[in-house]
Amino acid sequence: MTTAAAVQPTLIFQAEEILTRRRFEVHAITGKNARYEVRIDGTVEHTIVASRAWKREQREAIEWAEHELGWKDVTGQPNIGPLAEIVIAPKAISPRRFGQMVTLWAEIAREKGYAETAERLLALGRAHAEIWASLGREAFDREMARLQEERCEQEEGFDIAAREKVTYY
225 MTTAAAVQPT LIFQAEEILT RRRFEVHAIT GKNARYEVRI DGTVEHTIVA
275 SRAWKREQRE AIEWAEHELG WKDVTGQPNI GPLAEIVIAP KAISPRRFGQ
325 MVTLWAEIAR EKGYAETAER LLALGRAHAE IWASLGREAF DREMARLQEE
375 RCEQEEGFDI AAREKVTYY
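Here the sequence shown is numbered in the numbering used here, starting from 225 and rising by one per residue.
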């Protein structure tokens, strides 16, 4: 006797409304009753039966969710009216990348000979990273690349100095 395995829904779209914090998800359900479910805060609000035209049906389910979010109007055109007065902030810098810049700046400063304590170097690195983060993600990424390049050049200098010592001994 065999039992049917539980069908696991596959998440294909996810968004969250900014003001109300409602969570929108579109799931693909496979198996005998294949369908697309649009869920709002975990509750199934809309279902589209899947057939051989699955791409069109998947697109319809996502469009339905986008319409409910207020992203698109009835004709499918972007609806920017309610968002016109909201300033869209640039993508935030991840805490991991922020921390990498702090420690990278502190390491470079230490190798340049700054006679500061480790805590002071990290505080200066944090201030440096905050300035670049306030300028946006693109500026932050450019500065991070510059710091990484500078650190690589420092390490190359260490390698050359080490080889010279080995050669003389």
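Where is the CB? At the ideal position from N, CA and C, for every residue including glycine.
(message) Below 8 Å on the Cβ atoms is my contact criterion, and I expect Trp-288 with Val-262 to pass it. Report the Cβ-Cβ distance as a whole number of Å.
(response) Indeed they touch by this definition, with Cβ atoms about 6 Å apart.
(request) Would you mind working out which of Thr-234, Leu-293 and Glu-354 sits nearest Phe-322, comparing C-alpha positions? (result) Taking only the C-alpha atoms, the option nearest Phe-322 is Glu-354.
(request) Go through its chain and collect everything with a Cβ distance to Val-238's Cβ below 6 Å, but skip five positions before and after it. (result) One detail in the question is off: residue 238 reads as Gln in this sequence, not Val. Closer than 6 Å at Cβ, skipping near neighbours: Glu-249.
(message) I'd like the ranges of any alpha helix (DSSP H) spanning at least 4 consecutive residues and lying wholly in the region 268 to 294.
(response) Counting whole runs of 4 or more residues, the region 268 to 294 contains the alpha helix (DSSP H) stretches 278 to 293.
(request) Go ahead and pull the three-state DSSP assignment for Ala-252. (result) The DSSP-derived three-state label of Ala-252 is strand.
(request) Name the residue from Ile-264, Pro-233, Glu-284 and Ala-369 whose alpha carbon lies nearest to the alpha carbon of Met-325. (result) Comparing Cα-Cα distances from Met-325 to each of Ile-264, Pro-233, Glu-284 and Ala-369, the minimum goes to Ala-369.
(request) Mind checking which residues open and close the beta strand (DSSP E) that includes Ile-236? (result) Per DSSP, Ile-236 belongs to the beta strand (DSSP E) from 234 to 240.
(message) By the three-class DSSP mapping on this structure, what secondary structure does Arg-375 have?
(response) Three-state DSSP puts Arg-375 in a helix.
(message) Judging by CA-CA distance, which residue of Thr-244, Arg-283 and Arg-247 is the nearest neighbour of Arg-259?
(response) With distances taken between Cα atoms, Arg-259 lies closest to Arg-283.
(request) Grab the span of the beta strand (DSSP E) containing Ile-264 for me, first residue to last. (result) For Ile-264, the uninterrupted beta strand (DSSP E) run begins and ends at 259 to 264, by DSSP.
(message) Per DSSP, what are the beta-bridge partners of Arg-361 in this structure?
(response) Partner(s): none; Arg-361 has no beta bridge.
(message) I need the straight-line Cα distance from Ile-253 to Ser-275, nearest angstrom please.
(response) Cα to Cα, the separation comes out at about 12 Å.
(message) Taking only three categories from DSSP, how would you classify Arg-334?
(response) If DSSP states are grouped into helix, strand and coil, Arg-334 belongs with the helices.
(request) Report the option in Glu-292, Glu-281, Lys-256 and Arg-246 whose CA atom is closest to the CA atom of Gly-266. (result) The residue with the shortest Cα to Cα distance from Gly-266 is Arg-246.
(message) Measuring straight from C-alpha to C-alpha, what distance separates Arg-361 and Lys-256?
(response) Near 46 Å, if we compare the C-alpha coordinates of Lys-256 and Arg-361.
(request) Return the CA-CA distance between Ile-317 and Glu-290, expressed in angstroms with no decimal places. (result) When only Cα atoms are considered, Ile-317 and Glu-290 end up about 26 Å apart.
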